[in-house]
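Have a look at the structure below before the remarks.
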Amino acid sequence: MEQEKHILIIDDDATLLLVLERALKRRGFMVSTAQTGEQALEACKSSSLTHISLDLKLSQETGLHLIPQLRILAPNAPIVMLTAYASIATAVDAIKLGAHQYLCKPVDVDQLLAEFGSGISTNIEIEQSEPMEQPISMKRLEWEKIQQSLQNNQGNVSATARELGMHRRTLQRKLLKHPVKH
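Heads up: the sequence shown at position 24 corresponds to 8 in the working numbering, and the numbers run straight through without jumps.
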């Protein structure tokens, strides 16, 4: 008999949790949800998970710090990291820490499930889905540089602003904006 599919969704957005939970249940998944890292780790200890969806930015913490612990508690469950604040730096960090895939929100359930399907193998491969049709814009390159510097400075905005040679308030305004598309 096939093992029941059990997914843990970790996200601080209650509405997104509800929407994903309903859609996944309709597709035959058993679903657990968590809004904090503590709740997520407790869910991993109390059940046998087959898949994990993890948000990069939880209210008071980053999902990156949860990946190693989730890998220990659920070693066979592929982790797909979701984020509305995608950057190359955090994508690389997530994959290095053990995430199987990194997706930019908004994401639909079918896309999430497709990434789980491709992420079940133990070898992590970053696939290039389509060649880029146009070069990356200067605004996107700036966003990537800011995110990389912010990551290097452990989220310290003042240190990042000094490193980038800009005023702290200017950097804060840039960080409040949504990520720039390619």
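Glycine included, each C-beta is placed from N, C-alpha and C at the ideal position.
- Contact between the region 142 to 162 and the region 77 to 89 is absent: fewer than 3 CB-CB pairs across the two stretches fall below 8 Å.
- Uninterrupted beta strand (DSSP E) stretches at least 3 residues long and entirely within the region -12 to 29 occur at -10 to -6, 14 to 18, given in chain order.
- Val64 has Ser37, Gln85 as its beta-bridge partners, per DSSP.
- When C-alpha distances from Asn137 are compared across Leu96, Ala73, Phe100, the shortest belongs to Ala73.
- Proximity to Asp94 across Cys28, Val3, Asp(-5) peaks at Val3, based on C-alpha coordinates.
- Cβ contact annotation for Ala18 (same chain, cutoff 6 Å, sequence separation greater than five): Ile(-6), Ala24, Ala27, in chain order.
- Residue pairing by DSSP leaves Thr154 without any beta bridge partner.
- Out of Asp77, Asp(-4), His(-10), the CA that lies nearest to the CA of Leu8 is found in His(-10).
- Taking C-beta atoms as the reference points, Leu57 and Leu40 fail to come closer than 9 Å.
- Taking the Cα of Ser30 as reference, the smallest distance to any Cα among Asp77, Ser133, Leu(-8), Arg157 is reached at Leu(-8).
- Rounded to whole angstroms, Gln132 and Ala68 show a C-alpha spacing of 16 Å.
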